[in-house]
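Undergrad: Final position of the sequence shown in my numbering is 1021; the numbers increase by one with none missing. Even glycine gets a Cβ: it sits at the ideal position worked out from N, Cα and C. What follows is a structure written as structure tokens; I'll ask about it next.
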Amino acid sequence: MAEPSTKWKEHISVDEAANHALCALQLHRTHLHQFLNEGDGPGLNRSQLLGLQARFEVRDGLPSHARQGLFAIPAAYDALVRISHGLPDLPASAQANHLPEVRCFAIKVLGVVGPGALGTGPTNSQDFLLINHPSFLSSNYDDFVAFVMRSLEGPYAVFRYLTNRLGFIRAVGKLLQLRKLRRRPFSGFATESFHSAAPLACGPYAVRVRLLPARVSAGAGGDWAKNFRGHLAAGPLKFELQLQFFSDETLTPIEDAARDWPDDVAPYITVGTLIIPVQDTESASGKALTARAETMVFDPWRALKDHRPLGEIMRARKIVFHEIEKSGKITRDLHNAIFTICAPLYGRDSANKRAQKAMKSILESDD
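Structure (structure tokens):
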């Protein structure tokens, strides 16, 4: 077991900002296509299941290297949780085609006070975006977006891309890896572990985050919201929030998000408990909370400066999440403006169709 180290370092290439801007543009266009086909939603994340009230409690007696930022002193905070399929920067149609199923467990810890990670002023929340995989498919965001775009075109496009990028043998190996991940069973949001899959700061240290469930289940399927409600009906759900500390660049790399950090080198320590109390998610107030969570932004950069996201994947997401949020607002505003003009003249149904047609024309002319 290695000691936590503060000697981590980010490596930023000279063309990184330009590459991230191009990725944001590609995903912006995907968002617009998706809006026209499926309607509004939180970025590219099309399959929210539930929004939930929660409480987060920071543990007492933590080691000195863990007592940073949110975890500096024992305290209790209100929190919001959103469980969903996919990520805000992963199109649902891509996930349906060849990519492993990604489930997202997003936490927004409320009432925090301190300088924000974006450097634009203080923040009042600490967001954690966690997925059911300990690492990303790609080491960097360019490859991730390129792979996602090819997946939208079908299996042959994916294979051609991987072959050109990796060579035939490694491409076959990657496809076998993806096949294995797609077949990995998922027991449910109440019983699975969730991971940050990329590092963030913890004061002068760097960590990855894991959410560990108190209950374990062998397997489930079908309606995941119903599955979660069933577990919640049996009593409050508790999860341990754990940190895994950077030790050295070889075994716990900052920039390679495709590499998992080994537990025997960097063991997890529990720093807090997330408690989801019993609540009726199908009541009027429960449905209102889910609707509210659907429109909220859960963003790893909505965080304390002490917990700013680290690595190329996370730096890309700072730009992409902002562009997705902005493009969503522009898309909604444009659609609503056209609808408002047409509704008195043609009626609501016709006005909506005309707004959709006009936006499609805009998109096609930009092609």
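What does the alpha-carbon distance come out to for the pair Glu966 and Leu706?
TA: Here residue 966 is taken as the residue at index 312 of the sequence shown, counted from 1. Here residue 706 is taken as the residue at index 52 of the sequence shown, counted from 1. Looking at the two C-alpha atoms, the distance is approximately 31 angstroms.
Undergrad: State the start and end residues of the unbroken alpha helix (DSSP H) segment that holds Asn881.
TA: By 1-based counting over the sequence shown, the position of residue 881 is 227. Run containing Asn881: 878 to 887, per the alpha helix (DSSP H) assignment.
Undergrad: I'd like the span of the alpha helix (DSSP H) that includes Val812, first residue to last.
TA: Reading the sequence shown from its first residue, position 158 is the one you call residue 812. Taken as a continuous stretch (DSSP letters only), the alpha helix (DSSP H) holding Val812 covers 809 to 820.
Undergrad: From what residue to what residue does the alpha helix (DSSP H) around Lys941 run?
TA: Counting from one through the sequence shown, the residue named residue 941 turns up at place 287. Element bounds for Lys941: 938 to 949.
Undergrad: Of the choices Asp917, Ile929, Ala942, Thr927, whose alpha-carbon is the least far from that of Ala656?
TA: Mapped onto the sequence shown, residue 656 falls at position 2. Closest option to Ala656, Cα to Cα, is Asp917.
Undergrad: Compare the C-alpha of Val974 against each of Ser901, Trp955, Phe840 and name the closest.
TA: Your numbering for residue 974 matches position 320 in the sequence shown. For the residues Ser901, Trp955, Phe840, the minimum Cα distance to Val974 belongs to Trp955.
Undergrad: May I have the straight-line CA-CA distance separating Glu936 from Arg864, to the nearest angstrom?
TA: Taking the sequence shown and counting its residues from 1, the one referred to as residue 936 is at position 282. Taking the sequence shown and counting its residues from 1, the one referred to as residue 864 is at position 210. Distance between the alpha carbons of Glu936 and Arg864: 29 angstroms.
Undergrad: Tell me whether Val712 is buried or exposed, calling it buried when 16 or more other Cβ atoms sit within 10 Å of its Cβ.
TA: The residue you call residue 712 lines up with position 58 of the sequence shown. That one is buried.
Undergrad: Rounded to the nearest angstrom, what separates Gln722 and Val925 at their Cα positions?
TA: The residue labelled residue 722 in the question sits at position 68 within the sequence shown. The residue labelled residue 925 in the question sits at position 271 within the sequence shown. Cα to Cα, Gln722 sits roughly 10 angstroms from Val925.
Undergrad: Cutting at 8 angstroms between CB atoms, please list the residues of its own chain near Arg946, excluding the five before and the five after it.
TA: Indexing the sequence shown from 1 puts residue 946 at position 292. These residues qualify, in order along the chain: Gly705.
Undergrad: Return the residue from the list Gly827, Asn818, Asn794 that minimises the CA-CA distance to Met968.
TA: In the sequence shown, counting from the first residue as 1, residue 968 sits at position 314. Residue Asn794 is the option with its Cα nearest to Met968.
Undergrad: Is it buried or exposed for Asp743, if we count other Cβ within 10 angstroms and need 16 for buried?
TA: If you number the sequence shown from 1, residue 743 lands on position 89. Low per-residue confidence applies at Asp743: pLDDT is 47, beneath 50, and the placement is therefore not dependable, though the value from the model is reported in the following sentence. Classification for Asp743: buried.
Undergrad: So, using beta-carbon positions, are Lys762 and Ala733 closer together than 8 angstroms?
TA: Within the sequence shown, numbered from 1, the residue matching residue 762 stands at position 108. Within the sequence shown, numbered from 1, the residue matching residue 733 stands at position 79. It is a contact, given that the beta carbons lie within the stated cut-off.
Undergrad: One question on the structure: do His787 and Leu854 come within less than 8 angstroms of each other, judged by their Cβ atoms?
TA: Here residue 787 corresponds to residue number 133 of the sequence shown, with the count starting at 1. Here residue 854 corresponds to residue number 200 of the sequence shown, with the count starting at 1. Cβ atoms of His787 and Leu854: not closer than 8 angstroms.
Undergrad: What would DSSP say about Asn673, mapped onto helix, strand or coil?
TA: Position 19 of the sequence shown holds residue 673. Asn673: helix per DSSP, three-state reduction.
Undergrad: Just how far apart, CA to CA, sit Ala675 and Ala888?
TA: Position 21 of the sequence shown, counted from the start, is the residue given in the question as residue 675. Position 234 of the sequence shown, counted from the start, is the residue given in the question as residue 888. Taking the straight line from one Cα to the other gives about 47 angstroms.
Undergrad: Using beta-carbon positions only, say whether Phe843 and Phe710 come within less than 8 angstroms of one another.
TA: Here residue 843 corresponds to residue number 189 of the sequence shown, with the count starting at 1. Here residue 710 corresponds to residue number 56 of the sequence shown, with the count starting at 1. Contact: no.
Undergrad: Using the Cβ count rule (16 or more neighbours within 10 Å means buried), how would you classify Tyr859?
TA: Residue 859 sits at position 205 when you count from the first residue of the sequence shown. Per the 10 Å Cβ criterion, buried.
Undergrad: Taking all protein chains shown into account, do 16 or more other C-beta atoms lie within 10 angstroms of the C-beta of Asn881, making it buried, or fewer, making it exposed?
TA: Locating residue 881 in the sequence shown gives position 227, counting from the first residue. Answer is buried; the Cβ neighbour count reaches 16.
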